[in-house]
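Enquirer: Going by the working numbering, the first residue of the sequence shown is number 14, and it counts up by one from there. Before I ask anything, here is the structure I am working with.
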Amino acid sequence: MKLGDYLNAINYTKEPLLDTEDESVEKGYTPFVVNRCLSYFIDTILYANEMNLRPETDKKMQFDYLQRTIRKNKRYSKWLKQESVENLDTIKQYYGYSDTKAKEIMDILSPDDIEYMREKLATGGVGK
């Protein structure tokens, strides 16, 4: 099963997915990731935080708690992704900056600037 199946069962269908004999269903359920996805919404963040405070809770118990306490609603959000690590490494190497400084100036630089830095840092060799 995919993450979306678990989230849909918690948020909308209220289908008891973990009440099966199939161990792969419970094994595929990752509480941390589900809690993170639920933390994007104002009406589910407190339930997700409550489960984060109790990491020792059994997966089935956590799933049942979330499924029974969260009101039925369709919830969609984009998964927040980290900026391109490759561009960050180029900026750090070119200017000699730390991660924090490089992230600060990353928004200022254009893709052409980053490409120029890559060309200047290129040491040659196969595949470069």
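Think of the CB as a built atom: it goes at the ideal place given N, C-alpha and C, for glycine as much as any other residue.
1. What is the rounded straight-line gap between the Cα of Y42 and the Cα of T136?
2. For M64 and K116, I'd like the C-alpha separation in whole angstroms.
3. Which term fits N24, buried or exposed, when burial requires 16 or more other beta carbons within 10 angstroms of its beta carbon?
4. Mark L30 as exposed unless 16 or more other C-beta atoms lie within 10 angstroms of its C-beta, in which case mark it buried.
5. Residues in the same chain with beta-carbon distance under 8 Å from K141, minus the five sequence neighbours each way, listed in chain order, please.
Expert: Result, derived from the coordinates:
1. Here the question's residue 42 lines up with position 29 in the sequence shown. Here the question's residue 136 lines up with position 123 in the sequence shown. Looking at the two C-alpha atoms, the distance is approximately 45 Å.
2. The count along the sequence shown starts at 1 and reaches residue 64 at position 51. The count along the sequence shown starts at 1 and reaches residue 116 at position 103. Rounded to whole angstroms, M64 and K116 show a C-alpha spacing of 32 Å.
3. Here the question's residue 24 lines up with position 11 in the sequence shown. N24 comes out buried.
4. Stepping through the sequence shown from its first residue, residue 30 is reached at position 17. Classification for L30: buried.
5. Within the sequence shown, the letter at position 128 stands for residue 141. With a pLDDT of only 49 at K141, under the threshold of 50, the placement of this residue in the model should not be trusted; the figure read from the coordinates follows. Closer than 8 Å at the Cβ level, and outside the excluded window around K141, lie A135.
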